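Engineer:
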Amino acid sequence: MDEKHTPSNLLHCGIVGAGIAGLAAAIALRRAGHEVDIYEKSSFKLEIGAAITITPNGNLVLDRWGFDAERAQETLKLQFRAVDHKTLQEQIQLRFDGVAERYGHAFNAYHRVDMHEEMRRLVLEAGAAIHLGQPVADIDCEAGIIKLQSGGQLHKDLLVVADGINSPFVSSIADIPDPFYRTKSSTYRTLIPVSKLMADPLIRPLFENQSSGFLATMSSATGTFCMLYPCRHDKLMNFAYFHVAKEHEKDKQSWHSPATIEDAVNVLEGFHPAFEAIARHAESMNCYVVGSCMGLEDAAALEILFSKWQATDSISKRLELYNQLRRPRSAVAQLTSNAGMHGQTQAQVDAAVREFWKGPPMPYPVMHWSAPVQKFFYGYNAFAEAEKAMKFKDAEGGLPDGVVQHFGDPTAA
Numbered sequence: 314m315d316e317k318h319t320p321s322n323l324l325h326c327g328i329v330g331a332g333i334a335g336l337a338a339a340i341a342l343r344r345a346g347h348e349v350d351i352y353e354k355s356s357f358k359l360e361i362g363a364a365i366t367i368t369p370n371g372n373l374v375l376d377r378w379g380f381d382a383e384r385a386q387e388t389l390k391l392q393f394r395a396v397d398h399k400t401l402q403e404q405i406q407l408r409f410d411g412v413a414e415r416y417g418h419a420f421n422a423y424h425r426v427d428m429h430e431e432m433r434r435l436v437l438e439a440g441a442a443i444h445l446g447q448p449v450a451d452i453d454c455e456a457g458i459i460k461l462q463s464g465g466q467l468h469k470d471l472l473v474v475a476d477g478i479n480s481p482f483v484s485s486i487a488d489i490p491d492p493f494y495r496t497k498s499s500t501y502r503t504l505i506p507v508s509k510l511m512a513d514p515l516i517r518p519l520f521e522n523q524s525s526g527f528l529a530t531m532s533s534a535t536g537t538f539c540m541l542y543p544c545r546h547d548k549l550m551n552f553a554y555f556h557v558a559k560e561h562e563k564d565k566q567s568w569h570s571p572a573t574i575e576d577a578v579n580v581l582e583g584f585h586p587a588f589e590a591i592a593r594h595a596e597s598m599n600c601y602v603v604g605s606c607m608g609l610e611d612a613a614a615l616e617i618l619f620s621k622w623q624a625t626d627s628i629s630k631r632l633e634l635y636n637q638l639r640r641p642r643s644a645v646a647q648l649t650s651n652a653g654m655h656g657q658t659q660a661q662v663d664a665a666v667r668e669f670w671k672g673p674p675m676p677y678p679v680m681h682w683s684a685p686v687q688k689f690f691y692g693y694n695a696f697a698e699a700e701k702a703m704k705f706k707d708a709e710g711g712l713p714d715g716v717v718q719h720f721g722d723p724t725a726a
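In case it helps, our numbering puts the sequence shown at residues 314 to 726.
1) Looking at the unbroken alpha helix (DSSP H) that takes in residue 593, where does it start and where does it end?
2) Return helix, strand or coil for residue 315, following the three-state DSSP convention.
3) Grouping DSSP H, G and I as helix and E and B as strand, with all else coil, what is residue 582?
4) Would you kindly report the start and end of the unbroken beta strand (DSSP E) that includes residue 681?
5) Whether or not the segment 403 to 422 and the segment 461 to 469 are in contact is what I'm after, with contact meaning three or more pairs of Cβ atoms, one per stretch, closer than 8 Å; do they touch?
6) May I ask which residues mark the beginning and end of the beta strand (DSSP E) holding residue 555?
7) Keeping to the same chain, check which residues put their C-beta closer than 8 Å to that of residue 584; ignore five residues upstream and five downstream.
8) State whether the segment 452 to 459 contacts the segment 427 to 444, with contact taken as three or more CB pairs (one from each stretch) at a distance under 8 Å.
9) May I ask you to report which of helix, strand or coil DSSP gives residue 624?
10) Roughly how many angstroms separate the alpha carbons of residue 276 and residue 630, rounded to a whole number?
11) Among 674, 706 and 709, which one has its Cα closest to the Cα of residue 719?
12) If you measure between the beta carbons of residue 609 and residue 374, is that distance less than 7 Å?
13) Would residue 701 and residue 679 be called neighbours here (beta carbons separated by less than 7 Å)?
14) Quick one: what does DSSP say residue 416 is sitting in, helix, strand or coil?
15) Taking the alpha carbon of residue 384 as the reference point, which residue from 422, 483, 392 and 355 has its own alpha carbon closest?
16) What are the residues that DSSP puts in a beta bridge with residue 526?
17) Output the distance between the C-alpha atoms of residue 580 and residue 547, rounded to the nearest integer angstrom.
18) Could you give the DSSP three-state label for residue 568: helix, strand or coil?
19) In the DSSP assignment, find the unbroken alpha helix (DSSP H) run with residue 333 in it and report its ends.
20) Could you pull out every residue in the same chain whose Cβ sits closer than 7 Å to the Cβ of residue 321, ignoring the five residues on either side in sequence?
21) Can you give me the C-alpha to C-alpha distance between residue 695 and residue 515, rounded to a whole angstrom?
22) In this structure, how does DSSP classify residue 264 when only helix, strand and coil are distinguished?
23) Helix or strand or just coil, what does DSSP make of residue 376?
24) Assuming residue 527 contacts residue 542 (C-beta within less than 8 Å), just tell me the rounded distance between them.
25) When the Cα atoms are used, what is the spatial distance from residue 347 to residue 328?
26) Using a 10 Å radius around the Cβ and a threshold of 16 neighbouring Cβ atoms, would you call residue 671 buried or exposed?
27) What does DSSP give as the partner residue(s) for residue 541 in the beta ladder?
28) Got a sec? Which residues, its chain only, sit under 8 Å from residue 534 by beta carbon, not counting five neighbours each side?
Next comes the structure, spelled out in structure tokens:
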């Protein structure tokens, strides 16, 4: 960032990466009235990925921006089911009835490519520029410099780095030599036409006469956890087998990391044959090491905190306010979502969370999408909380304790 570059109410913003988070930041900053350029190394000719689940707090952001869920082929999620990994006997059924009424929005899922295309439409309609095939070689946040691999050098007032978990720039931004935590888990992922699965008599009973939603199972003996749910108007089944990472998989952090169908089958020891049959219906497989809603919320905060910009405003002070607003929620969301994959105890999770959040804790272990999780995360309005924070934009010391809400009370009635 550069405090001296812009003598007006227009900031020149550079975004590294045009994934979901980068596009969200571009929409937000354009809505705030600033000039935005995105620099993306790919050409988008081979966009890939699996499904993305969006919870009510994320859908609130998309709705405000005019995201067309129908155009993006949303699939509403109406339930969660868990079955025994050997017998397929149903163990848990959690209906999502009333979620939209309680939190203002429903659960849904998209194919990543479909969601990405709709967000690109919003970016271009907002007037931001996407520069494809422009990999960034280096950045200097303090000076507001972006150096392109092609040799060009660009000067910006505000930089947003959104080029993924494996970004080469995180170390310099965080001022930590190696800020990454290598998890012990990897995930085999692919997408399979629902019609193929329903045509297989071994698999059909898992989904027949069921509302759209999540299906999960786990082997405590091996640690393998399977999650399936449909996307693209219920036409494609998202398939994810989480497993203890093999040595050659530990550094794979890209959807372009190939695996084989046999790799996926080999982690299903002791599972009902239906899960192997599902894997064998796949045409390809990818391996991803487990590390969208927080990115959407982060962008919503940018929109509010950088709106109505004045020449006398300080970028650094506004970013300090942004960190005070967003860091507790983002950090706790990451810590609690990753806890199960790391095999952490309640005490370990609590100790990590308490560094960022002193309010009522979320029970752990707790089932994804259960009532405590919904109460803790889903009632959050990123725009409203950022508006509260803006009242203290010029206050010494920034945001006082207790002014904004980071989470709901998971024990509330």
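Ideal placement from N, C-alpha and C gives every residue a C-beta, glycine not left out.
Keep in mind it's a predicted model, so treat the numbers as computed, not measured.
Structural biologist: A quick look at the data gives this:
1) Annotation: the continuous alpha helix (DSSP H) that includes residue 593 extends over 586 to 593.
2) Its pLDDT being 48, under 50, residue 315 is placed unreliably in this model, and the coordinates cannot settle the point.
3) Coil.
4) Element bounds for residue 681: n/a, residue is neither H nor E.
5) no
6) From DSSP, the beta strand (DSSP E) with residue 555 extends over 549 to 557.
7) 398, 399, 530, 532, 537 and 539
8) Not touching, per the Cβ criterion.
9) coil
10) This structure does not reach residue 276, given that the chain is present from 314 up to 726, and the question cannot be answered.
11) 674
12) yes
13) no
14) Residue 416: helix per DSSP, three-state reduction.
15) 422
16) Partner(s): 392.
17) 26 Å
18) With a pLDDT of 47 at residue 568, under the threshold of 50, the predicted position of this residue should be treated as unreliable, though the coordinate-derived value follows. It is coil, neither helix nor strand.
19) 333 to 344
20) 624
21) 44 Å
22) Nothing can be reported for residue 264, as the shown portion of the chain is limited to 314 through 726.
23) Assigned with DSSP and collapsed to three states, residue 376 falls in helix.
24) 5 Å
25) 12 Å
26) Taking all protein chains shown into account, residue 671 has fewer than 16 neighbouring C-beta atoms within 10 Å of its C-beta and is therefore exposed.
27) 528 and 552
28) Contacts found: 583.
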